[in-house]
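Here the structure is laid out as structure tokens; the discussion comes afterwards.
There are 2 protein chains.
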Amino acid sequence: MSDTTVEGWTEQARPPTLFRRFSFERYADTRAFLDRVAAVQETLGVAPHNISFGTTYVNVTIGAGDAGLGEIERELARRIAAAATGATP
Amino acid sequence: MSDTTVEGWTEQARPPTLFRRFSFERYADTRAFLDRVAAVQETLGVAPHNISFGTTYVNVTIGAGDAGLGEIERELARRIAAAATGATP
Numbered sequence: 237m238s239d240t241t242v243e244g245w246t247e248q249a250r251p252p253t254l255f256r257r258f259s260f261e262r263y264a265d266t267r268a269f270l271d272r273v274a275a276v277q278e279t280l281g282v283a284p285h286n287i288s289f290g291t292t293y294v295n296v297t298i299g300a301g302d303a304g305l306g307e308i309e310r311e312l313a314r315r316i317a318a319a320a321t322g323a324t325p
Numbered sequence: 237m238s239d240t241t242v243e244g245w246t247e248q249a250r251p252p253t254l255f256r257r258f259s260f261e262r263y264a265d266t267r268a269f270l271d272r273v274a275a276v277q278e279t280l281g282v283a284p285h286n287i288s289f290g291t292t293y294v295n296v297t298i299g300a301g302d303a304g305l306g307e308i309e310r311e312l313a314r315r316i317a318a319a320a321t322g323a324t325p
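In structure tokens:
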């Protein structure tokens, strides 16, 4: 594991992305998480490449395109993970 | 086109799903649409199988599993489409 890896996220090289699945017991928890993620991305001014969700899960893909993953993308990943209060392991 | 098809949505038989992509010019419009979709599903008590979004698009998949698509899923589709004010064609 390189020192640039963000703990808990799966890093892929081509294209450069960070991926993580968050699971929740109830829709209310999923919804609250999505709202916190929206707040995080508005604060940082950078958004995940894609968010895919159902009632009890949220898959988050962070990618910066050809430019690769920079510190801002890694900070986004850390803050999203911190926002996942109530997620099941 | 059968009389049960919901206008503007792509219906697939196996598994039974309704799919539609909504595009927006700005993230603020995407965000507002997502909030309205959440309100719709809370009102109806039924949720899309999956919602996948980036800053300027939202892909919605409605499915009821093996039970097939019922009137409640078609009503969900119609109300979500009606909530897409500001979507680009």
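Chains as they are written, first to last, in our numbering: chain A, 237 to 325; chain P, 237 to 325.
Every residue, glycine too, gets a C-beta built ideally from N, C-alpha and C.
- For A/A320 and P/N286, the gap between their C-alpha atoms comes out near 19 Å.
- P/G299 has a beta carbon lying at 7 Å or more from every beta carbon in chain A.
- Residues of the same chain with a CB within less than 7 Å of the CB of P/I308, apart from the 5 flanking positions on each side, are L280 and V282 in chain order.
- In this model, P/L270 and A/L254 are separated by some 23 Å (Cα to Cα).
- Interface flag for A/S259 against chain P is unset, since no Cβ pair is found closer than 7 Å.
- If you check the CB distance, A/T292 and A/T266 come in under 7 Å.
- In the DSSP annotation of this structure, the continuous segment of the beta strand (DSSP E) that includes P/E247 starts and ends at T246 to Q248.
- Of P/A323, P/R314 and P/A249, the smallest CA-CA separation from P/P284 is found for P/R314.
- At least one CB of chain P lies nearer than 7 Å to the CB of A/I287.
- Linking A/G244 to P/T241 through their CA atoms gives a straight-line distance of about 42 Å.
- From the beta-carbon of A/R267, the residues of chain P found nearer than 9 Å are A274 and E278.
- Counting of Cβ neighbours within 10 angstroms places P/R256 among the buried residues, the total reaching 16 or more.
- P/P252 is a Cβ neighbour of P/L305, given a cutoff of 7 Å.
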